[in-house]
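Working notes for the structure below.
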Amino acid sequence: FFPLRMTAELQAGEGVKPQHIVTSGSAVYVRPAVEAWLVGTVGDGNSKPFRGDLGNMLYMKVVLGATVFAASAGDADLSVRLPSLPSGYKCTAVASAPSDLNLFSGLTPSGNGRLASGGAHGSWTTGTRECVYTFGASQVLYAGSSLYLSVGMDHPVTPAPQDAVGNVWTVRAAAKGVHSQQVASAWTEFSGGRQSGDALIASVSVLGKISEAVIVPSDFGRGATNNILSVFFRTEQAVETGGTLLADAPRLFDFGAACEAVGLPTYQYADYRAAKADFAGNSGLTMQLPRGACRGQKLLHSDLGHRRAAITLSGPLVGQGRYGFRLRVTNALLYDALQRDSWLLSTSSPTGVRLDGCPTSVKLNMGIADGPSLGWAVHEASAGPSSFGVSVPEMRPTSTAVEVTVFPIVLPAATAGPMQVMAPPGYVWDFEAADFIYVKITPGAAAGTYVQGAEADLPIPAAPSKPSAAPFNVLAVAGSAVTFRADVKYGFVAKAVVPSGTPTGSANVFVLQVGPTVGPALAAVTEAPRVRRVFGATAQLDAGATSFEGNLTFGFETVTDVPAGGGLVAS
1 FFPLRMTAEL QAGEGVKPQH IVTSGSAVYV RPAVEAWLVG TVGDGNSKPF RGDLGNMLYM
61 KVVLGATVFA ASAGDADLSV RLPSLPSGYK CTAVASAPSD LNLFSGLTPS GNGRLASGGA
121 HGSWTTGTRE CVYTFGASQV LYAGSSLYLS VGMDHPVTPA PQDAVGNVWT VRAAAKGVHS
181 QQVASAWTEF SGGRQSGDAL IASVSVLGKI SEAVIVPSDF GRGATNNILS VFFRTEQAVE
241 TGGTLLADAP RLFDFGAACE AVGLPTYQYA DYRAAKADFA GNSGLTMQLP RGACRGQKLL
301 HSDLGHRRAA ITLSGPLVGQ GRYGFRLRVT NALLYDALQR DSWLLSTSSP TGVRLDGCPT
361 SVKLNMGIAD GPSLGWAVHE ASAGPSSFGV SVPEMRPTST AVEVTVFPIV LPAATAGPMQ
421 VMAPPGYVWD FEAADFIYVK ITPGAAAGTY VQGAEADLPI PAAPSKPSAA PFNVLAVAGS
481 AVTFRADVKY GFVAKAVVPS GTPTGSANVF VLQVGPTVGP ALAAVTEAPR VRRVFGATAQ
541 LDAGATSFEG NLTFGFETVT DVPAGGGLVA S
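What follows is the structure in C-alpha cells.
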C-alpha cells in the first residue's frame, strides 16, 4: 500500500464512547505491486504484427496490488512501458478494451474492469514508448481491481522475436498517499506465457516479412483430392533446426492429419553450398526446404479439416534465403472470394516463438506486386493435360520474341469468358495484331495463317493486345462477352520473349483460366518446357606459375541432350 496513517479505536465498553486516534510521525508504507499481461487469444488484437506496422492494437490486463487514490488531479498515475529494444516502439492511444473479446467467452463475470477517461476523470498521455494515465481529483482504483485496456502502438522497423533481449513490457503505479510527493511501485515485467495462442502472454513478436511468396496449384478444380501445391518463399530471419514452417489454407481445404510435403523438380534447386555462399546476393537461388515431419492441424475448433500444415525443420533456414517445396491438399468443394486472401506462410522457432509471416495472402503470380486478393481460388472445373497444351519450339534465351502455340484448348462445358493465359514468371507476351493467329484452317489458307488442328476460331472479334503494364506474363485472350463451346478444340499462336533461365522462384507452368474472377468456371495447368541454357559453367586453368602451357578444364550443365557429332563453342 501507499503511504498511510494507522488508526485505532478506543472504547470504554462495548460500543460505548468510542474514540478514534490517527498515528502521527512517520507514515506506514509497503511498496505496492502491479501485475499485467497481454491478451494472446487468437483473434483478440495484434492484427498488424509486422515490423514497421503502424496502428497495431493489443489488449492487456492490469491488476492493482494496492488502492490508488488521488486527492488532487495528478497525485497518482498508472504507467505502461513498451519494450526498449529494438528502438522505435511508440504508444499511440489507450482506451478501455471492448466487451466482446474472445478471451471473455464463457467467463462470468469477465473481470473486464474499465478505466474512465476524460472530463473530471483522468486522461492518457501517449506519443513515446510510455503510456501514462494521470488520475483526476478524488479518483480512486481499489486494490484487486482488474482492468482491461486496448493499446494502440507503432512498431519498430526491425523484427523482434517474442523472447528477444529487450522485448519486455513493464508496468507501475504511483501515488502520494499521505506523503507530500509521489511514491511509485517498482517497474514490473508483464507475466504470462510465451507460446502462440496462450490466453495471457508476457510479450509479442514483431514479425519479419516473408517475401517472394508464391503458391501455384496443379489442380484448380473444386473438390480435387490430389492437388499438388508448388510453394516458394524467402525468409527474413534465420530459423534454427527444429523450428516450424506453417502453411495455412482457406476454410474447407484439407492437408490431412499427416500432410505430405515433398521436393520440387531438381532443376529448380541450386546447390546448397553455392546458395549458402551467395544466397543474399543472388535472387535466382532456390534451396530445398529441410523437411521433417508434416502434421495437419485445425486452425479453429469449427474447422472440418486440417487446413494448416506444420512442417518441422530438419535443418536450419538461413536469413534472406529462398526455399521451395511441394505440398498435397484436398480442395474446398465451393468457391469463396476469401480464398484469394487466405493463403499464408509463417515460421517459428523450436520453442514456438513466431518469427516471420506474410503481410498479405501468398500470390499465384510472381509477376504481380504484393497486394490483397492475389492468391488462387477453386474453379468450377479443371481440365486435364489433354485439354490444354503449350509448345515453344525455340527455347534458347533471347531478347527477341519467339512463337508460342497454345493448343489445344478444350472446355468440358459451354463456358462464358473472359479467358486468360498466364505464362511462367519471366515470360513477356510481345506481339503485334498480325502475329496473333486464332482461326481454324479454311480451303486455300496459306501456311502460318491458321492454327493447325483447331476445330473452330476463337470467338473473339479481333486479336487481343499484348500486355501494356505488369504483369507482362498474363495475356487476356477474350473478354466476358464471348462463349466457348464444349468439347471443341480451340487454339492460338502468339509471340513471347523467353526468360534468360527456367524459373526457380515459381512453378514452371502455363495456366489457363476461363470465367469471371468471382466464381471462375475453369482452369488448366500444363508444364512449360525448360529454357535451353547452358548453366553452372566453370573454367579452371591447371598451370604452373612459370609455365605458359596447361590444362583448361571446363564444367557445365545442359538442359538439352547433345547428340553425337554435336559440339561446344567456348569463347
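Counted from 1, the sequence shown has number 279 at position 279 by our numbering; the numbering is strictly sequential.
Backbone N, C-alpha and C define an ideal beta-carbon position, used for all residues, glycine too.
Note that the coordinates shown come from a computational prediction; the quantities given were computed from them, not determined experimentally.
Spanning the alpha carbons of residue 316 and residue 235 requires a straight line of approximately 11 Å.
Under the DSSP assignment, residue 296 falls in the beta strand (DSSP E) whose first and last residues are 291 to 297. In its chain, beyond the 5 residues on either side, 70, 76 and 122 have a beta carbon closer than 6 Å to the beta carbon of residue 135. C-alpha of residue 242 to C-alpha of residue 312: approximately 6 Å in a straight line.
Distance from residue 494 to residue 404 at the Cβ level is roughly 5 Å; contact confirmed, criterion being Cβ atoms closer than 8 Å. Taken in chain order, the complete beta strand (DSSP E) segments of 3 residues or longer contained in the segment 158 to 232 are 170 to 175 and 211 to 216. Assignment of residue 93 by DSSP, reduced to helix, strand and coil, places it in the strand class. Burial check for residue 143: the Cβ neighbour count within 10 Å stays below 16, so the residue is exposed. Spanning the alpha carbons of residue 496 and residue 366 requires a straight line of approximately 17 Å.
Note on residue 466: 16 or more other CB atoms within 10 angstroms of its CB, so buried under the neighbour-count rule.
For residue 53, DSSP records no beta bridge to any residue. Between the segment 286 to 296 and the segment 198 to 216, the count of Cβ pairs shorter than 8 Å is below three; the stretches do not touch.
For residue 495, the enclosing beta strand (DSSP E) covers residues 490 to 497. Cβ atoms of residue 524 and residue 383 come within 8 Å of each other, at about 4 Å.
In the three-state reduction of the DSSP assignment, residue 323 falls in the strand class, which pools E and B.
Assigned with DSSP and collapsed to three states, residue 77 falls in strand. Non-local C-beta neighbours of residue 507 in its own chain, meaning closer than 6 Å and more than five positions away in sequence, comprise 216 and 230, ordered along the chain. Taking the Cα positions, residue 455 is about 33 Å away from residue 398. Residue pairing by DSSP places residue 484 opposite 415 in a beta bridge. Using a Cβ distance threshold of 8 Å, residue 332 and residue 246 do not count as a contacting pair. At the C-beta level, residue 415 and residue 484 come within 8 Å of one another. Residue 436 is bridged by DSSP to nothing; it lacks a bridge partner.
Apart from sequence neighbours up to five positions away, no residue of its chain approaches residue 447 with a beta-carbon distance below 6 Å. The three-state reading of DSSP puts residue 408 in strand, counting E and B together. Take the alpha-carbon of residue 534 and the one of residue 394: they are about 15 Å apart. Going by DSSP, residue 142 is part of no beta strand (DSSP E) at all; its letter is neither H nor E.
For the 8 Å CB-CB criterion, residue 152 and residue 93 form a contact.
Separation of the CB atoms of residue 86 and residue 156 is rounded to 5 Å, and the pair is thereby assigned contact status at 8 Å. Selection 130, 116, 32 and 527 evaluated against residue 91 yields 130 as nearest (Cα-Cα).
When DSSP states are grouped into helix, strand and coil, residue 341 belongs to the helix group.
In this structure, DSSP gives residue 266 a helical state, which the three-state scheme calls helix. Counting along the chain, the unbroken beta strand (DSSP E) around residue 390 starts and ends at 388 to 391. Between residue 437 and residue 427, the gap from beta carbon to beta carbon reaches 8 Å or more.
Membership of residue 311 in the beta strand (DSSP E) is indicated by the continuous run 308 to 313.
The C-beta separation of residue 35 from residue 150 comes to about 18 Å, leaving the pair out of contact by the 8 Å criterion. For a cut-off of 8 Å, the C-beta gap from residue 388 to residue 526 is around 5 Å, short enough to register as a contact.
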